[in-house]
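Numbering (this note's numbering), first residue to last: 1 to 367. Backbone N, C-alpha and C define an ideal beta-carbon position, used for all residues, glycine too. See structure below.
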Ligand code: CA
């Protein structure tokens with residue numbers, strides 16, 4: 001227990017330190033930036049991007065201070081599970097998701113048949129990523145990616161994203177002035193450029209992969225990405241469960257997988273007390289708000305959601321929103337007064353991050 005408290009304090013201190021870390025100020029190094037940009041254009045041309053596209057897309061571009069500020073903010077570590085869930089899966093979003101599922105059912109069914117992803121999940125991802133297309137981002141994608149590719153923190157990753165975005169513009173899939181998130185995520189499902197390049201599909205057959213205006217392209221691209229990441233539409237994502245008295249919390253971890261029959265033997269039940277489904281499937285028990293919070297048994301599709309977004313909260317929110325859009329009710333567990341702020345998995349992730357930053361938090365086991 002002391003260990004957890006100690007590490008929470010350390011982590012809070014480190015998050016504060018990361019937040020206060022003096023941001024690199026690319027604006028103060030105009031010569032270095034100009035040289036960097038010249039070299040970037042050389043590489044882009046070598047990858048087959050036409051000079052006219054480069055001159056147009058990169059005209060007057062310079063690092064955006066706000067993008068660096070947002071990159072340093074790391075907001076995902078400040079929300080507790082219940083707050084995250086009530087922000088992501090609210091009644092308004094559920095209501096709209098149900099309406100849109102009904103409205104676009106024929107198209108969603110065609111996409112589901114071709115790619116093997118149930119319509120309710122496609123609508124749930126859509127709701128979480130852009131509130132069904134309402135918020136696709138207001139930053140210049142090229143400006144944001146130039147900023148993050150020039151900034152040394154994750155330069156290699158964002159340079160690849162920038163080159164992918166330029167290549168998509170070169171091939172006519174999106175415009176020079178394309179807008180997206182501060183990190184360059186784009187369209188109704190907020191694909192980063194390499195995901196766009198590798199998984200987006202032209203489902204309406206007009207020759208462009210348009211993730212802003214074409215619902216056939218939007219749904220099919222999300223379904224193709226999920227399908228190629230391992231989605232299996234014979235199953236759902238997981239479910240809320242009830243743990244038996246004396247359940248050993250040590251076996252609640254994503255890396256502990258057991259057949260449902262074994263969980264059944266260990267006393268795990270659906271929340272209403274009924275038996276677990278008698279299917280040949282492995283699952284893991286996870287406790288995103290600690291031992292006093294809700295418990296879930298998650299299946300392999302949950303792991304596929306983690307490929308899309310590695311946050312364990314996000315993956316539960318997407319599954320739960322899909323259930324609610326499908327007519328299901330809110331979670332049945334009651335919010336505890338003494339909620340654990342960080343889940344064990346999140347704590348382990350933080351420990352790994354601390355290690356990468358040169359601290360020594362012991363084993364990355366979340367304790
Ligand atoms: Ca299209």
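By alpha-carbon distance to residue 128, the top candidate from 141, 313, 102, 53 is 313. Taking the Cα positions, residue 317 is about 12 Å away from residue 239.
Contact annotation, residue 229 with residue 307: C-beta distance approximately 4 Å; criterion of less than 8 Å satisfied. Residue 295 is bridged by DSSP to 241.
The beta carbon of residue 209 sits closer than 7 Å to at least one heavy atom of ligand 1. When Cβ pairs closer than 8 Å are counted between the two stretches, the region 201-221 is seen not to touch the region 252-259, the count staying below three. The C-alpha of residue 109 lies about 42 Å from the C-alpha of residue 46. A direct Cα-Cα distance of roughly 46 Å separates residue 287 from residue 33.
With fewer than 16 neighbouring CB atoms inside 10 Å of its own CB, residue 172 falls in the exposed class. Relative to ligand 1, the beta carbon of residue 83 is positioned no closer than 7 Å to any heavy atom. Within the region 81-150, the runs of alpha helix (DSSP H) that reach at least 4 residues and sit entirely inside it are, in chain order, 81-88, 91-103, 105-115, 119-130, 141-150.
Using a cutoff of 7 Å, the CB of residue 221 does not count as near ligand 1, since none of the ligand's heavy atoms is closer than that. Separation of the CB atoms of residue 144 and residue 183 is rounded to 7 Å, and the pair is thereby assigned contact status at 8 Å. CA-to-CA, the gap between residue 126 and residue 210 works out to about 15 Å. In the DSSP assignment, residue 282 forms a beta bridge with 259. By the C-beta density criterion, residue 86 is exposed, having fewer than 16 other C-beta atoms within 10 angstroms. When distances are taken from the beta-carbon of residue 214 to the heavy atoms of ligand 1, the shortest one is below 7 Å. The beta-bridge partner set that DSSP reports for residue 269 consists of 242. Rounded to the nearest whole angstrom, the C-alpha separation of residue 328 and residue 102 is 15 Å. Remark: the shortest separation between the CB of residue 171 and any heavy atom of ligand 1 does not fall under 7 Å. In terms of Cβ geometry, residue 232 and residue 300 form a close pair [threshold 8 Å]. In this structure, the alpha-carbon of residue 141 lies about 47 Å from that of residue 268. With contacts defined by Cβ atoms closer than 8 Å, residue 163 and residue 44 form a contacting pair.
A residue is called buried once 16 or more other Cβ atoms fall within 10 Å of its Cβ, and residue 273, having fewer, is exposed. Looking at 136, 151, 131, 80, the one whose alpha-carbon comes closest to that of residue 64 is 151. In the three-state reduction of the DSSP assignment, residue 319 falls in the helix class. The C-alpha of residue 242 lies about 25 Å from the C-alpha of residue 124. Not one heavy atom of ligand 1 is found less than 7 Å from the C-beta of residue 134.
Note on geometry: alpha-carbon atoms of residue 207 and residue 67 lie some 32 Å from one another.
Out of 71, 53, 275, 192, the CA that lies nearest to the CA of residue 175 is found in 53. When distances are taken from the beta-carbon of residue 204 to the heavy atoms of ligand 1, the shortest one is below 7 Å.
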